[in-house]
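Take a look at the structure below.
Residue numbers (my numbering): 1 to 409.
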């Protein structure tokens, strides 16, 4: 049995020196200017006494960026296959062939869910899948042969095109590591795509760590995929996963790695701050979850490091206090589905949209439905001729958000 070694990340009891450093970092904030690594490390370590001031600074930064609005994407979640060659210590999504629940969706299943979502006002088809399972499992190679495709990525490409042509939904694939060629191919059938960086700490690949036996979680490989998307001007979603054994400095460095790529290419449409949640069946079942304070600090520092980038945190993973995330500077709730569960965190249902609206409005913000690609990134896609561009223009309102806006979920 593998024992997972996850360090407990704690906020130390504040010394007068630490408090002075935090207060100094807050005093030196400049509106609209990203903070330094040194300031970020000081702030992510701030005491509970100084947390309200940090949150106020982050909320002010968000309001300068996108005042008075919090967005979300109304989606269907399509788990194209849950077979995966990576064995992450925190994951309940992945399966081996023959495991209970192991499944690869058929084209008919994909289209059925997409059409049902279309009737409910969804505009995003989120494709999540294991990373290249056919490289490990002959059963997946046989499934792909039966379906008529050479690889999982060929099948994903075809299913994105199927959804794009047969429904009004816009695909957003999260397929794992991609070559430059595959980024280009998927960009022809989806306006945006994503890959969570998760962490820049390669030590988490060690035996007993969260990414032990997960060859696709090498940080340098994931950074290369994100960079290759930038070179092609593909709107890209990424983010960090907190609570998997990384340090507070690692959280800052992960955000800085994302910022560096965005500074170079301008293609990071969204940064997700996602918190690890314990599940009974995972190898990390006995590891501690990030506290509410840790999550708020991570989001607030993300906002101050990336003052002009969309920051998202999933509300279902921070219930019941998820509305506090608005105070920490988010401007988006991510994808929420009226039809499908969160297959990555099935034990954490999405909030009812009416409840989300009321709690968002209680924070003096309007809740607005967006497309899977953010308004400021629409020109990167609509400037290219073709069917995808036509579909995107038909889906977008004048302000770049969703033309469809349903008030019930």
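For glycine and all other residues, C-beta sits at the position ideal for the given N, C-alpha and C.
Small disclaimer: the values here were computed from a predicted structure and weren't measured.
Going by Cα to Cα distance, which pick from the options is closest to residue i?
i: residue 296; options: 46, 31, 34 and 22; result: 46
i: residue 456; options: 129, 223, 96 and 273; result: Outside the displayed range of the chain (1 to 409) lies residue 456, so it cannot be described from this structure.
i: residue 387; options: 251, 323, 170 and 35; result: 170
i: residue 112; options: 162, 152, 156 and 210; result: 162
i: residue 229; options: 267, 352, 174 and 248; result: 267
i: residue 323; options: 343, 283 and 355; result: 355
i: residue 212; options: 351, 373 and 89; result: 89
Using a 10 Å radius around the Cβ and a threshold of 16 neighbouring Cβ atoms, would you call residue i buried or exposed?
i: residue 239; result: buried
i: residue 100; result: exposed
i: residue 399; result: exposed
i: residue 2; result: Confidence in residue 2 is poor, its pLDDT being 43 and thus under 50, which makes the residue's placement unreliable; the coordinate value appears in the next sentence. Exposed, because fewer than 16 other Cβ atoms sit within 10 Å of the Cβ of residue 2.
i: residue 395; result: buried
i: residue 172; result: buried
i: residue 401; result: buried
i: residue 321; result: exposed
i: residue 192; result: buried
i: residue 353; result: buried
i: residue 330; result: buried
i: residue 12; result: Caution applies to residue 12, whose pLDDT of 49 falls short of 50 and renders its modelled position unreliable; the model cannot decide the point.
i: residue 362; result: exposed
i: residue 64; result: exposed
So the alpha helix (DSSP H) residue i belongs to, where does it begin and stop?
i: residue 65; result: 51-65
i: residue 20; result: 16-27
i: residue 40; result: 37-44
i: residue 392; result: 387-395
Beta strand (DSSP E) containing residue i: first to last residue?
i: residue 172; result: 170-174
i: residue 72; result: 69-81
i: residue 274; result: 268-275
i: residue 124; result: 124-129
i: residue 293; result: Per DSSP, residue 293 belongs to no beta strand (DSSP E); it is in the alpha helix (DSSP H), 292-305.
i: residue 355; result: Where residue 355 is concerned, there is no enclosing beta strand (DSSP E), although the alpha helix (DSSP H) it sits in stretches over 353-362.
i: residue 237; result: 236-242
Check: Is there contact between the stretch 137-151 and the stretch 183-194, where contact requires at least three CB pairs shorter than 8 Å?
Finding: Fewer than three pairs of CB atoms, one per stretch, sit closer than 8 Å, so the stretch 137-151 makes no contact with the stretch 183-194.
Open item on the list: Is it the case that the stretch 254-272 contacts the stretch 69-79, given that we only count it when at least three CB pairs across the two stretches are under 8 Å?
Closed with: No, the stretch 69-79 does not touch the stretch 254-272.
(Q) Closer than 8 Å is the cut-off here; do at least three beta carbon pairs connect the stretch 227-244 with the stretch 267-286? (A) The stretch 227-244 vs the stretch 267-286: in contact.
Kindly confirm or deny that the stretch 284-291 and the stretch 246-257 touch, where touching means at least three C-beta pairs closer than 8 Å.
Taking 8 Å as the limit for Cβ pairs, the verdict is that the stretch 246-257 does not touch the stretch 284-291.
task = Indicate whether the contact test is met: 3 or more Cβ pairs, each with one atom in the stretch 335-343 and one in the stretch 114-123, closer than 8 Å.
result = Flag = yes, the stretch 335-343 and the stretch 114-123 touch.
(Q) If contact is defined by three or more beta carbon pairs under 8 Å, each pair taking one atom from either stretch, is the stretch 32-52 in contact with the stretch 302-315? (A) With the rule of 3 Cβ pairs closer than 8 Å, the stretch 302-315 counts as touching the stretch 32-52.
Enumerated in chain order, which unbroken segments of the alpha helix (DSSP H) with a length of 4 residues or greater are wholly contained in the stretch 153-229? If we require 4 residues or more, the alpha helix (DSSP H) runs fully inside the stretch 153-229 come out as 180-187.
* Is the stretch 215-233 in contact with the stretch 175-185, if contact means three or more CB pairs nearer than 8 Å? -> Below 8 Å, enough C-beta pairs join the stretch 215-233 and the stretch 175-185 to call them touching: three or more.
Task: Validate contact between the stretch 313-328 and the stretch 120-133 using beta carbons, cut 8 Å, 3 pairs - done: Not touching, per the Cβ criterion.
Check: Would you say the stretch 83-91 touches the stretch 213-222, given that touching needs at least three Cβ pairs under 8 Å?
Finding: Two segments are said to touch when three or more pairs of C-beta atoms, one from each, lie closer than 8 Å; by this definition the stretch 83-91 touches the stretch 213-222.
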